[in-house]
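Participant: In this note's numbering, the protein residues as written are 4 to 76. We put the beta carbon where it would ideally sit given N, CA and C, even for glycine. Here the structure is a predicted model, which is why all the values come from computation and not from measurement.
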């Protein structure tokens, strides 16, 4: 690590959930491109917002964990 001595930083549950939602969102958009329709468009649009929320929340969690790890060192 260049900036810190923190070596162990395993993925959090929220990080894993966020990754799953990001992959599901990408798959939803790919399926919508193959079979366009109003239902798939609505689902992919909703998934995008779910993805945004999970990604932001995961980022906040990682930021808090990183700050806590730096404080304890």
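Using the C-alpha atoms, what's the distance from residue 46 back to residue 62?
Facilitator: Numbered from its first residue, the chain shown carries residue 62 at position 59. Numbered from its first residue, the chain shown carries residue 46 at position 43. Taking the straight line joining both Cα atoms gives about 24 Å.
Participant: Would you tell me roughly how many angstroms separate the C-alpha atoms of residue 48 and residue 26, rounded to the nearest one?
Facilitator: To locate residue 48, count along the chain shown from 1; it is residue 45. To locate residue 26, count along the chain shown from 1; it is residue 23. Distance from the CA atom of residue 48 to the CA atom of residue 26, rounded to whole angstroms, is 14 Å.
Participant: Please classify residue 28 as buried or exposed, where buried requires at least 16 neighbouring CB atoms within 10 angstroms.
Facilitator: For the purposes of this step, residue 28 is taken as the residue at position 25 of the chain shown. That one is buried.
Participant: Count the CB pairs spanning the stretch 34-44 and the stretch 12-20 that are closer than 8 Å, and state whether there are at least three.
Facilitator: no
Participant: Just to confirm, are residue 34 and residue 43 a CB contact at a threshold of 8 Å?
Facilitator: Taking the first residue of the chain shown as 1, we reach residue 34 at position 31. Taking the first residue of the chain shown as 1, we reach residue 43 at position 40. It is a contact, given that the beta carbons lie within the stated cut-off.
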